[in-house]
Amino acid sequence: MCYNPFGGDLMHGIIKAMLIKTLLEEHKVIGYRFKLMLKKNNIEASNGAIFYNLKKFEEQGYVKGTIEGKTKVYVLTDLGKKEFSKNLLLIPKNIEITMQELGSQMPFIDWYNHHDVIKFSQTIEKLNILLKKHVEDIK
Numbered sequence: 728m729c730y731n732p733f734g735g736d737l738m739h740g741i742i743k744a745m746l747i748k749t750l751l752e753e754h755k756v757i758g759y760r761f762k763l764m765l766k767k768n769n770i771e772a773s774n775g776a777i778f779y780n781l782k783k784f785e786e787q788g789y790v791k792g793t794i795e796g797k798t799k800v801y802v803l804t805d806l807g808k809k810e811f812s813k814n815l816l817l818i819p820k821n822i823e824i825t826m827q828e829l830g831s832q833m834p835f836i837d838w839y840n841h842h843d844v845i846k847f848s849q850t851i852e853k854l855n856i857l858l859k860k861h862v863e864d865i866k
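Counting along the sequence shown from 1, when you hit position 100 you're at 827 in our numbering, and nothing is skipped either side.
Here's what the structure looks like:
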């Protein structure tokens, strides 16, 4: 069974996918530092969204939470590495960047501002074009 990081709404899926990517790259996550990293990428995430996912990952055996000083560190397990790497590492870089761009726009969109909605729509269209091209490339 492959792990699908894009369940639920788009922003929740983006946060979950970025958590998985961070775990695969760094083998551990500290919730607060992860939130700061998201903020640097103009992505707003609640503590609840971050820690909900980390708790679910821990329940599924994908990470193990350990206390270091006063900080809880979530370390990637062998099972987590196996499950997460099945799909996420296969995402082409241009698609990943466009998904991050979408995630960074979402918290700041004024849904009643024509320019904001058009810009967001253009990013979605860009992602759609990249996905269609990728589908053609893998036929």
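Backbone N, C-alpha and C fix where the C-beta goes; we use that ideal spot for every residue, glycine too. No experiment lies behind these values; they were computed from the predicted model shown.
Exercise. When the Cα atoms are used, what is the spatial distance from N768 to K866?
Worked result: If you draw a straight line from the Cα of N768 to the Cα of K866, it comes to about 33 Å.
Problem set entry | Rounded straight-line distance, which links the Cα of Q832 to that of N840 | Using only the alpha carbons, I get a separation of about 13 Å.
Exercise. Which runs of the beta strand (DSSP E) fall wholly inside the stretch 786 to 844 and span at least 3 residues, in chain order?
Worked result: 790 to 795, 798 to 803, all fully within the stretch 786 to 844.
Exercise. When burial is assigned at 16 or more other CB atoms within 10 Å of the CB, is I777 buried or exposed?
Worked result: It is buried - the Cβ of I777 has at least 16 other Cβ atoms within 10 Å.
Exercise. DSSP on K755, reduced to helix/strand/coil?
Worked result: Reduced to three states, the DSSP call for K755 is strand.
For this session: Closer than 8 Å by C-beta to T901: which residues in its own chain qualify, once you throw out the five before and the five after it? Chain order, please.
Result: Residue numbering for the chain in the displayed model covers 728 to 866; residue 901 lies beyond these limits and cannot be assessed.
For this session: Could you tell me if L806 is buried or exposed, where buried requires 16 or more neighbouring beta carbons within 10 angstroms of its beta carbon?
Result: By the neighbour-count criterion, in which a residue is buried when 16 or more other Cβ atoms sit within 10 angstroms of its Cβ, L806 is exposed.
Problem set entry | Assigned secondary structure, S848 (DSSP; H/G/I helix, E/B strand, else coil) | DSSP, reduced to helix, strand and coil, places S848 within a helical segment of the structure shown.
For this session: Out of N855, K808, D837, L857, state which residue places its alpha-carbon closest to the alpha-carbon of E752.
Result: Out of N855, K808, D837, L857, K808 has the C-alpha closest to the C-alpha of E752.
Exercise. For P819, which option in F784, K743, V862 has the closest C-alpha, if you only look at C-alpha atoms?
Worked result: Nearest to P819 by alpha-carbon distance, out of F784, K743, V862, is V862.
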